[in-house]
Amino acid sequence: MRRHPLLPERTQMMMSLRPLIRLTWLAPVLALAACGAQVAPLVKPTLPASHWQAALPADTPQAHGWQDYHSAELLRLQAQALAGNPGWQAALSRVAQARASLAAVDGARQPQLNLSGNRASSQTRQQGSEQNTENWQAGASVAYEVDLWGRLAAGSRSAQASAEASEYAAASTRLLLETDVASGYFRLCLLDERLRLNDEDIAAARTILRGLEGKQRVGAASQLDIAQQAQLLATQEAARASLLAQRGAALTALAVLVGAPPQGFAVATQPLAQLTALSPALRQPGELLARRPDIAQAEALLRAADADVDAARAAFFPKLTLSASSLWAASGGGPAGLAASLLAGLSAPLWDGGQLNAGLQRNAARRDELTANYRASLLTALKEGEDALDGLARQQSRDAALARALTAAEQSYALAQGRLRAGALDGLSLLNAQRTLIASRDSRAQSRFDSLQAGIALYKALGGGWTSEH
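149 is the number that the UniProt record's numbering gives to position 149 of the sequence shown; each next residue is one higher, with no gaps.
Next comes the structure, spelled out in structure tokens:
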């Protein structure tokens with residue numbers, strides 16, 4: 001500072017220190033803010049799992065595993081569901097809302113420019129004459145908050161993480177929709193297969209009944225044999241009615257799932273033997289945690305909550321806002337005037353009845369809640385993956401055993417028919433062979449469906465074809 005020859009040296013020194021003295025009030029404010037903004041840092045949960053307990057399948061799925069079934073009808077239904085399912089459309093709308101919210105938050109970090117203008121007219125009467133006056137004003141202002149302590153940046157991080165969470169939630173919705181569609185389609189395939197087997201069983205039971213009635217006329221079969229065979233036939237006919245009712249309910253449920261009206265909805269099914277269960281491969285549990293969108297959603301929500309804590313902590317500190325404005329005015333066509341101002345506003349909270357601290361503690365508690373939820377999601381994912389792997393392995397063993405049982409039942413039934421034709425078998429033995437074959441065929445069809453369901457459960461537990469890169 002240049003010395004003034006007429007002022008004492010002490011006065012000149014005080015004038016040079018005046019800007020610093022004006023800022024000394026910030027010291028207690030910053031100290032109070034630092035004392036109030038105290039919360040524990042985020043500690044992200046981890047799990048020590050390093051290997052799977054169940055045996056791993058060998059096949060590796062493609063990114064879109066439904067193509068592995070080689071079913072054009074299934075792919076058509078999946079596409080129809082993604083185009084028409086209301087829940088999926090609502091999930092996409094939630095993603096759009098979150099992205100718009102993020103854009104609004106980021107926009108608030110930019111300078112805010114406003115324009116204004118007005119026109120006023122007045123009329124005065126002096127000495128018998130009227131005089132009209134018009135006043136015009138136009139102005140512009142710009143304001144910008146300097147993010148000294150990262151409050152705005154934290155809000156942007158929170159909005160970004162929330163938008164990502166909505167996208168992961170949509171991915172979870174899509175995975176659930178796709179697995180439900182596949183399960184519904186496979187159930188229809190099962191019911192059609194059971195109906196086909198039931199038709200064959202009814203036809204065979206009728207043929208045997210007619211044969212027994214012919215043998216009875218020559219004294220080679222008893223009335224008991226005929227009554228028991230008739231009871232078996234009636235049981236199969238009743239089973240058909242039940243299967244038709246189940247198919248109707250399954251068809252309408254699938255129609256609603258793909259977003260189509262149940263009336264007139266039709267699906268082309270195929271034999272279960274033509275469908276192969278998915279067997280996704282996984283080498284480490286960590287791969288599971290990276291593949292599941294619900295885990296990614298829980299982590300994104302946790303990051304958003306942590307950013308909210310940072311924003312609440314930064315609210316304790318002063319805010320610096322820069323603003324500039326200009327005003328151009330003209331009156332009655334006279335000369336125009338231009339006024340401009342540049343301001344820097346600094347505001348800091350001193351006492352708010354504990355509102356800021358309560359907000360910080362609320363956000364911290366919310367973060368703690370989401371931390372617990374995140375850890376619960378990790379544990380649930382590992383459990384579901386373990387159970388699905390074990391369930392698929394057990395189902396494969398069960399299906400192989402039922403296949404052997406069906407082969408034995410078919411051989412037993414063929415031998416019983418041969419002995420009956422030769423007159424060396426009673427009707428009760430043939431009846432038992434029929435019942436065993438009917439039960440074995442039905443159990444085998446159900447087992448094939450269960451194998452498909454186990455593959456779907458594993459596909460779902462491992463996050464489907466979704467990855468964090470998606």
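Note that CB positions come from ideal geometry on N, CA and C, so glycine has one too.
These numbers were taken from a predicted model, which means no experiment stands behind them.
Problem set entry | Counted within 10 angstroms of its Cβ, other Cβ atoms place residue 55 as buried (16 or more) or exposed | Only weak support exists for where residue 55 lies, its pLDDT of 40 falling under 50; the value from the coordinates is given anyway. Classification for residue 55: exposed.
Problem set entry | Helix, strand or coil at residue 292 according to DSSP, with G and I counted as helix | In this structure, residue 292 counts as coil in the three-state DSSP scheme.
For this session: State the start and end residues of the unbroken alpha helix (DSSP H) segment that holds residue 90.
Result: Residues 86–108.
For this session: Under 8 Å by Cβ, that's how I've got residue 42 and residue 366 pegged, so tell me the actual separation to the nearest angstrom.
Result: Contact flag wrong, Cβ pair sits at about 12 Å.
Problem set entry | Closest Cα partner of residue 184 within the set 202, 148, 250 | Among 202, 148, 250, the Cα nearest to that of residue 184 is on 250.
Exercise. Where DSSP assigns a beta bridge to residue 146, which residues make up the other side?
Worked result: Per DSSP, the beta-bridge partners of residue 146 are 320.
Exercise. Is residue 318 close to chain B, meaning its C-beta is less than 8 Å from at least one C-beta of that chain?
Worked result: No chain B is present in this structure, which holds just one protein chain.
Exercise. At which residues does the alpha helix (DSSP H) containing residue 443 begin and terminate?
Worked result: Segment 427–461, the alpha helix (DSSP H) holding residue 443.
For this session: Below 8 Å on the Cβ atoms is my guess for residue 427 versus residue 221; work out the distance and round it to an integer in Å.
Result: Sure, about 6 Å apart at Cβ, within 8 Å.
Problem set entry | Status (buried if at least 16 other CB within 10 Å, exposed otherwise) for residue 423 | Label assigned to residue 423: exposed.
Problem set entry | Cβ shell of residue 258 (< 7 Å), same chain only, five flanking positions each side left out | Excluding sequence neighbours, residue 258 sits near 77, 80, 81, 84, 85, 181.
Exercise. In the structure shown, what three-state DSSP assignment does residue 420 receive?
Worked result: Residue state, collapsed to three classes: helix.
For this session: Just tell me which of 410, 94, 354, 105 has its CA closest to the CA of residue 173.
Result: Each of 410, 94, 354, 105 was checked against the Cα of residue 173, and the nearest Cα belongs to 94.
Exercise. Where do the ends of the alpha helix (DSSP H) carrying residue 233 lie?
Worked result: First-last of the alpha helix (DSSP H) with residue 233: 223–257.
Problem set entry | Proximity winner among 402, 186, 295, relative to residue 167 (alpha-carbon distances) | Ranked by Cα distance from residue 167, the first of 402, 186, 295 is 295.
For this session: Closer than 6 Å by C-beta to residue 224: which residues in its own chain qualify, once you throw out the five before and the five after it? Chain order, please.
Result: Taken in chain order, the list of residues that qualify is empty.
Exercise. From residue 110 to residue 178, what does the alpha carbon distance come to, in whole angstroms?
Worked result: The alpha-carbon separation between residue 110 and residue 178 amounts to approximately 42 Å.
For this session: Compute the Euclidean distance between the alpha carbons of residue 196 and residue 438, then round it to the nearest angstrom.
Result: If I take the Cα positions, the gap works out to 12 Å.
For this session: Return helix, strand or coil for residue 346, following the three-state DSSP convention.
Result: Residue 346 carries a strand assignment under DSSP once its states are collapsed to helix, strand and coil.
For this session: May I ask you to verify whether the region 350–361 touches the region 268–277, counting CB pairs closer than 8 Å and requiring at least 3?
Result: With the cut-off at 8 Å, the region 350–361 and the region 268–277 do not touch.
For this session: Reducing DSSP to helix, strand and coil, say where residue 302 ends up.
Result: In the structure shown, residue 302 adopts helical secondary structure according to DSSP, grouped into three states.
Exercise. Given that a residue counts as buried once 16 or more other Cβ atoms are within 10 Å of its Cβ, and exposed if not, what is residue 199?
Worked result: Counting Cβ neighbours within 10 Å, residue 199 comes out exposed, since fewer than 16 surround it.
For this session: Quickly, what does DSSP pair residue 114 with across the bridge? List them, please.
Result: Residue pairing by DSSP places residue 114 opposite 141 in a beta bridge.
Problem set entry | Inter-residue CB distance, residue 228 and residue 205 (contact presumed, cutoff 8 Å) | For residue 228 against residue 205, the beta-carbon gap comes to about 11 Å, at or over 8 Å, which does not count as contact.
Exercise. Under 8 Å, do residue 156 and residue 192 count as touching if we go by C-beta distance?
Worked result: Contact flag unset, no.
Exercise. Among residues of its own chain, excluding the 5 on either side of residue 272, which ones have a beta-carbon nearer than 8 Å to its beta-carbon?
Worked result: Result list for residue 272: 186, 189, 190, 193, 445, 448, 449, 452, in chain order.
For this session: Go ahead and label residue 159 buried or exposed: buried means 16 or more other beta carbons lie within 10 angstroms of its beta carbon, across all protein chains shown.
Result: Burial call: buried.
For this session: Compute the beta-carbon to beta-carbon distance between residue 108 and residue 152, rounded to the nearest angstrom, for a pair I have assumed lies under 8 Å.
Result: The Cβ separation is near 7 Å, so the contact holds.
Exercise. For the alpha helix (DSSP H) that residue 179 lies in, which residues bound it at each end?
Worked result: Looking at the DSSP string, the run of the alpha helix (DSSP H) that includes residue 179 is 151–217.
Problem set entry | CB-CB length for residue 71 against residue 270, believed under 8 Å | Yes, they are in contact, since the Cβ atoms of residue 71 and residue 270 sit about 6 Å apart, within 8 Å.
Exercise. From residue 176 to residue 364, what distance separates their C-alpha atoms?
Worked result: Roughly 32 Å separates the two Cα atoms.
Exercise. Residue 406: buried (16+ other C-beta within 10 angstroms of its C-beta) or exposed?
Worked result: Sixteen is the threshold: when 16 or more other Cβ atoms of the shown chains lie within 10 Å of the Cβ of residue 406, as they do, the residue is buried.
For this session: To the nearest angstrom, report how far apart residue 133 and residue 144 are at their CA atoms.
Result: Rounded to whole angstroms, residue 133 to residue 144 spans 37 Å at the Cα level.
Problem set entry | Close-in-space but distant-in-sequence residues of the same chain around residue 91 (CB under 6 Å, 5 per side omitted) | The beta carbon of residue 91 sits closer than 6 Å to those of 170, 173, all from its chain and outside the five residues before and after it, given in chain order.
Exercise. Which one of 113, 74, 103 has the shortest CA to CA distance from residue 324?
Worked result: Considering only alpha carbons, the answer is 113.
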